[in-house]
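Chains as they are written, first to last, in my numbering: chain A, 1 to 81; chain B, 1 to 155; chain C, 1 to 93.
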Amino acid sequence: MIWQLELALFVMLIVVAIIALEVDDLVAALAALTAYSFIAAALLAMMSAVDVALTEASLGAGITGVLLIGGISLMRRRSVD
Amino acid sequence: MTDRHDSVILHFVVRVFMVPFIVMFGAYVFIHGELSPGGGFQAGAIVASAFVLARLTLGTEHASPRFPTRYLIWLASFGVGIYVIAGMVPMFYGANYLDYNSLPTAWFNDIAEHHRTARAMGIFIVEVGVFIGVFSVLVIMYDYLTLRFREGEDD
Amino acid sequence: MKWLTLAFLVSFAGLFVYVSADLPDRGDPHAPANEHLAAEFIELTAEEIEIPNIVSAILADFRGYDTLGETIVIFTAGLAVLLVLQTGYKRND
């Protein structure tokens, strides 16, 4: 559609994915993953796949973060890298 | 994570503004699932996120009397059961499994004076099942993931 | 070893970009993926189901078995979380 905006979103997607892989803190990685889901939802909406975008925005950017924080807080060992 | 935060502003904003509007948006997404993007899965996730927000801010003991944790698995089974039974009803009319064309929904057209095909009604019934199942499963996941942090658990 | 991995990944990404030039355009009705069933789904939704959202019609009607399996998968996931994390039963040790 607007290819400049789409290119910027793709670049942000890759940057946020690398941040989520490389950051030390698990909760910070989770926040980056949530941002990744939201950017992916925006990209899917620009590709006029609105149903998938709604699912990604509500599940991926909404409730998966909370559930994964619950899972992280259940773990005893922390990330060491 | 499941403590009750002692902030009046947080309680007011969450209870008066955020949770009712999120639930209403979920109901909109669900009911307009045949007209616009949406459907049972997305609406279930949105409504479940409203309930999880209430449990995060108000505390699980204060936010969960309407939907207690131990009854939610019955609700999830009920949602899946709606889907399975809606698929089995056409078999009594001689059709295949999940063939909504022979669902007995002509009486609804007479009451509502609005023409809907039987397959559209079947889609709506199935979406109700998916909505209830997804909503209760997501709230179950939150409740049981944070079960260890709650003190004085009664079930 | 790390540089070898990086070089391999970069060359793989370059291969993907090179191949993606031959992909059909987004939303092309004559793409091979859209040739067989998409037109039939669009026509049948307008004729027999009469709802505007074709995605809902495909998900819940034409592909009803898939959605049934998806719902059962989500239900099983919730059941697994409940069975693993519930604290109602004590261990006998």
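Quick reminder that beta carbons are idealized off the backbone N, C-alpha and C, glycines included.
Residue i: which of the options sits nearest, CA to CA?
i: A/Ala49; options: B/Ala50, B/Leu72, B/Ala45 and B/Gly38; result: B/Gly38
i: C/Ser56; options: B/Leu145, B/Ile123 and B/Glu113; result: B/Ile123
i: B/Val23; options: B/Leu10, B/Asp6, B/Phe12 and B/Gly44; result: B/Gly44
i: A/Leu74; options: C/Val81, C/Ile72, C/Val10 and C/Thr76; result: C/Val81
i: B/Val89; options: B/Leu35, B/Pro104 and B/Val19; result: B/Pro104
i: A/Ala20; options: A/Leu5, A/Tyr36 and A/Ser58; result: A/Tyr36
i: B/Glu34; options: C/Leu15, C/Leu59, C/Ser11 and C/Thr71; result: C/Leu59
i: A/Met47; options: C/Asp25, C/His36 and C/Tyr65; result: C/Asp25
Using C-beta distances below 6 Å, list every residue in its chain close to residue i, excluding the 5 sequence neighbours before and after it, in chain order.
i: B/Ala48; result: Phe135, Leu138 and Val139
i: B/Asp207; result: The shown model of chain B, from 1 to 155, leaves out residue 207 of chain B, and the question about it has no answer.
i: A/Ile2; result: none
i: B/Ala63; result: Ala54 and Arg55
i: A/Gly60; result: Ser37
i: B/Asp155; result: Since pLDDT at B/Asp155 reaches only 44, below the 50 mark, its modelled position is unreliable, and no value is offered.
i: B/Thr87; result: Looking at the sequence itself, residue 87 of chain B is Gly, so the reference to Thr does not match. Excluding sequence neighbours, B/Gly87 sits near Tyr97 and Leu98.
i: A/Ile72; result: Leu26
Considering residue i, what are the terminal residues of the alpha helix (DSSP H) in which it resides?
i: B/Ile82; result: Leu72 to Phe92
i: B/Pro20; result: Val19 to Ile31
i: B/His11; result: Val8 to Phe12
i: A/Gly60; result: Here A/Gly60 belongs to no alpha helix (DSSP H), and DSSP marks it neither H nor E.
i: B/Tyr100; result: No alpha helix (DSSP H) holds B/Tyr100; DSSP gives it neither H nor E.
i: A/Thr34; result: Leu26 to Met46
i: C/Phe41; result: Ala38 to Leu44
i: B/His62; result: Thr60 to Ala63
i: A/Leu7; result: Trp3 to Glu22
i: B/Ile125; result: Ala118 to Leu145
i: C/Thr87; result: Segment: none, C/Thr87 is in no alpha helix (DSSP H) and carries neither H nor E.
i: C/Thr5; result: Lys2 to Ser20
i: C/Ala57; result: Ile54 to Ala57
Determine, using beta carbons only, whether residue i and residue j come nearer to each other than 9 Å.
i: B/Arg116; j: B/Tyr100; result: no
i: B/Val52; j: A/Ile63; result: yes
i: B/Val126; j: B/Tyr83; result: yes
i: A/Ala29; j: A/Val23; result: yes
i: C/Thr67; j: B/Val130; result: yes
i: A/Leu43; j: A/Leu9; result: yes
i: B/Gly133; j: B/Val80; result: yes
i: A/Ala31; j: A/Gly65; result: yes
i: B/Leu98; j: C/Gly64; result: yes
i: A/Leu67; j: B/Met91; result: no
i: B/Arg148; j: C/Leu6; result: no
i: C/Arg54; j: C/Phe41; result: Correcting the residue identity first, residue 54 of chain C is Ile in this sequence and not Arg. Contact: yes.
Excluding the 5 residues preceding and the 5 following residue i in the sequence, name in chain order all residues of the same chain whose CB lies nearer than 8 Å to its CB.
i: C/Asp28; result: Asn34
i: B/Met121; result: Tyr100, Leu103, Thr105 and Phe108
i: C/Val19; result: none
Might you give, ordered along the chain, the residues of its own chain that have their beta carbon closer than 7 Å to the beta carbon of residue i, omitting 5 neighbours on each side?
i: B/His5; result: Thr57
i: B/Phe25; result: Ile46
i: B/Leu161; result: This structure cannot settle anything about residue 161 of chain B, because the visible part of chain B is limited to 1 through 155.
i: B/Val19; result: Ala50, Leu53 and Ala54
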